[in-house]
Each structure stands twice: as C-alpha cells, then as structure tokens.
Amino acid sequence: MKQIRTSVFVVLALFAITALAVKVGDPAPDFTGTDSRGQSHKLSDYKGKFVVLEWHNNGCPFTKKHYDSGNMQRLQKEWTDKGVVWFTVISSAPGTQGYVTADQENEYVQKMHAVPTAALLDPKGEIGHLYGAKTTPHMFIINPQGQLIYNGAIDDKSTSDPSDINGAKNYVSEALQEAKAGQPVAVATTRPYGCSVKYAD
Amino acid sequence: MNSGTLRTTKRRIATLCATLCAISTAYPQAAKAQHAHLSLISEHTSALPGDSQWIGLRFQLDPGWHIYWSNPGDSGEPPKVTWHVPAGVQAGDLQFPTPHRIADHGLTDYGYEGDVVLLSKLTVPAGATSNKAEIGADVRYLVCREVCMPGKDHLSLSLDEGQGMKSSPDAELIRGTQARLPQPLPFRAHVSVDLRRDVILITLSGKSTAMGELIDFIPSDAQVIDNSVRPMIFAAGAVWQIKVKKSEQFNSSVTRLRGLLITSAKAYNVDVPVTPAKKTSQNASVPKHS
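Top to bottom, those sequences are chains C and B. In this text, residue positions in the first sequence follow my numbering: the first is 1, and each later residue adds one. In this text, residue positions in the second sequence follow my numbering: the first is 1, and each later residue adds one.
Printed below as a string of structure tokens:
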C-alpha cells in the first residue's frame, strides 16, 4: 500500500511538471533573447505581428532534412516577405550538438542562405524550457495578439528523409495561411518530431 | 561468458573479418555502418515452394547506441526497409520485438540497445519452380546515443542450400526474437478503455497468474499518451487498472487505444475502442487493494 502511495505522489509530481508546457490558446510567454548579431529581441515588442519560433540544431538529421533541401529557407523567405517575424532558436548547451557561437551561427546562416528575422542564442535553454520545446525542429506560432496559435511539428512526415518533404502537409504554412485569413487554425497542436533539444542536463 | 565479453569477442571477430574479408567475399550479407552493424538472417537455408519462414534484420549496436521501435516516442524514427524478392515471393511488414523506454534529454523514447532483430515473414508460393531465392533489403535507420546518425544499407541474403528444409545457423536467434514479439491477449482477458479529463483508464479483467506482473504500458501511436509519465498500475484479483496521462496532442480523432501491456512474463497487444469521457466528475472507481 505504501508503495502505491509513493507512486501516486511521484505521478502527481510528474503531471505537474509536464503541465507547464505552453498550450495553444494561451498567451505566449514573453522573453528577451540575444541574436547572433548581438541584438536583443523582446517578444512583446512584436505585438501586432505573427511570430514563428523554430527550434534548431545544425547537426540533427531532422534539421538537416529541412535545411539541406532548402525547405526551411523557402518557408523563412515566404513568410518573412509577408511580414511574419521568424526566430530560429538554438537551445543546445555548450559542448552539445548544435551549440554555436554567434560567429559560427552567422557563418551558418550565410552558407545555408537562411533568412530568419534573427537567430536567437539560448545556450542556457531558458526560452526552450519556457516554451517546452522538445525537438529540433519544434515549431510555434504566435498571433498579433500575442496568443499561441500553433505548437508542434513542421509537417506531417516525421522522418529524417529529405524525399518526404514533397507531398508533406506543412502545418506551419497552413496555420499561417488560415490565421492570416482570419480563420481558426484547423490543426493547431501536433506531436513535434526530430532530435531531442540538447539542453544542459 | 557474459554478454559484454561476448560482444567484445564479436567485435574482435568483426575486426578480424574486416581485415580478411577485404580480400574475400565470405560475408556478403554484412554491411558496414557507423555504430550499428546490420545483417540479414533467415530461419531456413533455402526457400522451398509453399514454405513460409521468418527472415530478420539484425542490428548489432555499439554500447549506448539505440534504434527505435515502430512508435519512436518523443524523438527519433523507426527503421524502414524496402524488400527486393523474386516474383511471387512475399516479405511481410516488419515485426518489432517488445521495446523498452529510453530517456533522452527529458524526453522518453521507445527502442532497443545491444543486439536486436526485426522480423519479416517470407512466403514462397506453392507453385514456385525453384527452392532458391535472392533476398535484398534497402534499409534506412537512425542510430542515436547523445546524437543521432542516419544510416543507409543494402543487405542481401542467398537462400540456396539443399533440397530439404534445413535450419540456418541463425534459426535459434530468430526463434528467440519471435518469442519476444508481443502476443494477442489470452482469450479470457478483456480490456476496456475510458477517457477521463487528463487520463486514460485501461481496465483488464480476466487476468491469469500466467500473465505475470504488469510492469508498463507503451502506446503504439504517437499523440495519444504523454510518454514521460509512467503509468499508475493497480492490481486486484483478476483485474488490472492502468492510468496513463493523455498527451498534449490528444484530440477527439482518437477512437482506439493501441499499445503494449508489458508484464514480467510477456508483452500483449492491445487494440480497443475508447469510451468517450463521461459528463460526471466522478473519479474512476479503482479496485480496493486487499
């Protein structure tokens, strides 16, 4: 009986921890992050615009799928051209895969022809934990009112195979299209796929 | 010999082979890969007309590295295979043995470490004119430890020995794996599933002692259960109740619960319709502990 009680407490404690993740419909938690050019960005300063958060790790096969194929860059270009703010967020801790210095990230962005609004360096994982970012890529969309409207995968093909990009349903594009047309987002929460975010343990 | 020594010995043999095999083709079915050594194995040495047998995709993984179950959990990706078989011969879907939980930076994945075989049922039509078959497999997989590496291999296997049905040297390994495949629930056992606000309540009645002690429940589909929250298990008489937490992505499109009930003896496949949440705020009645 004692054992059962203990496990009940453990489970309740775990429920409480996992309940912290941000839910669609909730106000997006505010944060201030520094980008690879040394500029500071406060989320709430972008009220009035759609904001995309893209969790990133340049060594992860799932991230590579979308960058080596040019898919992520195409999305960044398309949506920033339409006035969307796009933050690539890097939460890999120093010494782990995907961790980059500001110079390394600038080099990467240039080499890959990536066009996010900015790449936020989050080596302590503060923004990552605030949003409960689980994988790379894990995508979030915030509407002009500062509300979270999408939390999940980039598309519906949860593989690392670039040949799966063609024909995949891109959840981020669909959500942005719907929201910009004043419609509710049909698929607003999905399971993010990819590599685990390499937080400091 | 413990498994560590065995693995070291195997690696020594592999190294020796890498040297010697450079000048011969003694093991054409073996393919090189980083952190994973893949091979294609069979139950029998030939492909007799009308026979069906298990063939296996064997992964021998470096210590600490893992591959994934058909539902990888929070991160990762299961191996995929494209079979190349003679006309008329059929290779069935991959059958995965019971996986275990793997912790990954606060996430929970399902997969395998060490030495694992994924099975496929090979069926040769009764009218086949030959008892020989060349089997090819194009395999894509992800092997992970702290980081993940994608792997790609082409494996081949010749089933061409003898007229009779003869066991191959790998037959025992294949049968051992077959015994680890999840099984259907015993005839008398009945499972029902109820949805509550944040939890899914699984009730199994008609359990027997031969089913062992219930240890875990692992979902076959993504987006149903929060992988990182261990199920709460209650046992009373012939009944088990298991409470699992719904995933953040759980929605009304979920009409069935599919997964594995893992006990100290076996793993059982569960695939049952879910009963929608009742309007009452009453908690699920849990059998009294005696």
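Yeah, the Cβ is synthetic: ideal placement off N, Cα and C, and Gly gets one too.
| Query | Result |
| --- | --- |
| Note down the Cα distance separating P219 (chain B) from R58 (chain B), rounded to an integer number of angstroms. | 24 angstroms |
| Just reading off the beta strand (DSSP E) that T263 (chain B) is part of, what are its end residues? | 256 to 263 |
| List, from N- to C-terminal side, the beta strand (DSSP E) runs of 3 residues or more that fit wholly inside the stretch 118 to 156 of chain C. | 118 to 121, 139 to 142, 148 to 152 |
| Return the chain-ordered list of same chain residues with a C-beta closer than 8 angstroms to the C-beta of R191 (chain C), the five sequence neighbours on each side being excluded. | G152, A153, S158 |
| What first and last residue would you give for the beta strand (DSSP E) that runs through S158 (chain B)? | 148 to 159 |
| Along chain C, which residues have their Cβ under 8 angstroms away from the Cβ of Q223 (chain B)? | T190, R191 |
| Identify whether G111 (chain B) lies in helix, strand or coil by the three-state DSSP scheme. | strand |
| State yes or no: is the beta carbon of D104 (chain B) nearer than 7 angstroms to at least one beta carbon in chain C? | yes |
| For T275 (chain B), which of B:D194, B:Y68, B:G237 has the nearest alpha-carbon? | B:D194 |
| For the stretch 55 to 143 of chain B, which segments carrying the beta strand (DSSP E) assignment without a break, of at least 3 residues, lie completely within its bounds, in sequence order? | 66 to 73, 80 to 84, 100 to 104, 107 to 113, 115 to 123 |
| Of all Cβ atoms in chain C, is any one closer than 7 angstroms to the Cβ of P287 (chain B)? | Because P287 (chain B) carries a pLDDT of 44, less than 50, the predicted location of this residue cannot be relied on, and the following value inherits that uncertainty. No, no contact with chain C. |
| Is the Cβ of Y150 (chain C) closer than 7 angstroms to any Cβ of chain B? | no |
| Please state the DSSP three-state secondary structure of Q29 (chain B). | Interpretation of Q29 (chain B) is limited by its pLDDT of 37, a score under 50 that renders its predicted location unreliable; no figure is taken from the coordinates. |
| I need the DSSP call for M72 (chain C), collapsed to helix, strand or coil. | helix |
| What residue from B:I200, B:D221, B:K152, B:L185 has the CA that sits closest to G206 (chain B)'s CA? | B:L185 |
| Cα separation between N131 (chain B) and S42 (chain B)? | 14 angstroms |
| Kindly list the residues whose CB is nearer than 6 angstroms to the CB of T82 (chain B), restricted to its own chain and excluding five residues on each side of it in sequence; keep chain order. | D138 |
| Name the DSSP beta bridge partners of I165 (chain C), please? | In DSSP, I165 (chain C) forms no bridge with anything. |
| Helix, strand or coil for V8 (chain C) per DSSP? | With a pLDDT of only 45 at V8 (chain C), under 50, the local geometry of the prediction cannot be trusted, and the value read off the model is given with reservation. The answer is helix: DSSP assigns V8 (chain C) an H, G or I state. |
| Determine, using beta carbons only, whether Q95 (chain B) comes closer than 7 angstroms to chain C. | no |
| Below 7 angstroms on C-beta distance, what does G194 (chain C) contact in chain B? | S75 |
| Would you say P150 (chain B) faces chain C, with C-beta separation under 7 angstroms as the test? | yes |
| Answer yes or no: does any C-beta atom of chain C fall closer than 7 angstroms to that of Q241 (chain B)? | no |
| Are the Cβ atoms of H35 (chain B) and D62 (chain B) separated by less than 7 angstroms? | yes |
| What residues in its chain sit with their C-beta under 6 angstroms from that of L120 (chain C), if we drop five residues either side in the sequence? | G33, D35, F87, V89 |
| Quick one, which of C:L75, C:Q147, C:K111 has its alpha-carbon nearest Y46 (chain C)'s? | C:Q147 |
| Quick one: residues in its chain with C-beta nearer than 7 angstroms to the C-beta of D201 (chain C), no 5 flanking neighbours on either side, listed in chain order? | none |
| Put D271 (chain B) into one of helix, strand or coil per three-state DSSP. | strand |
| I need the DSSP call for Q183 (chain C), collapsed to helix, strand or coil. | coil |
| Measuring only between beta-carbons, confirm whether P94 (chain C) sits less than 7 angstroms from chain B. | no |
| Check whether the Cβ atoms of I202 (chain B) and L214 (chain B) sit closer than 7 angstroms, and answer yes or no. | no |
| Spell out whether any CB of chain C is found under 7 angstroms from the CB atom of V254 (chain B). | no |
| Kindly list, in the order they appear in chain C, the residues whose Cβ is closer than 8 angstroms to that of R140 (chain B). | D161 |
| So within the stretch 168 to 223 of chain B, which uninterrupted alpha helix (DSSP H) runs reach at least 4 residues, ignoring any that extend past its ends? | 171 to 179 |
| By Cβ distance below 7 angstroms, which residues in the same chain neighbour Q29 (chain B) in space, the five residues on each side in sequence not counted? | Interpretation of Q29 (chain B) is limited by its pLDDT of 37, a score under 50 that renders its predicted location unreliable; the figure taken from the coordinates is listed afterwards. Answer for Q29 (chain B): S39, L40, L155, S156, L157, listed in chain order. |
| Just mark N251 (chain B) as buried or exposed, buried being the case when its beta carbon has 16 or more other beta carbons within 10 Å. | exposed |
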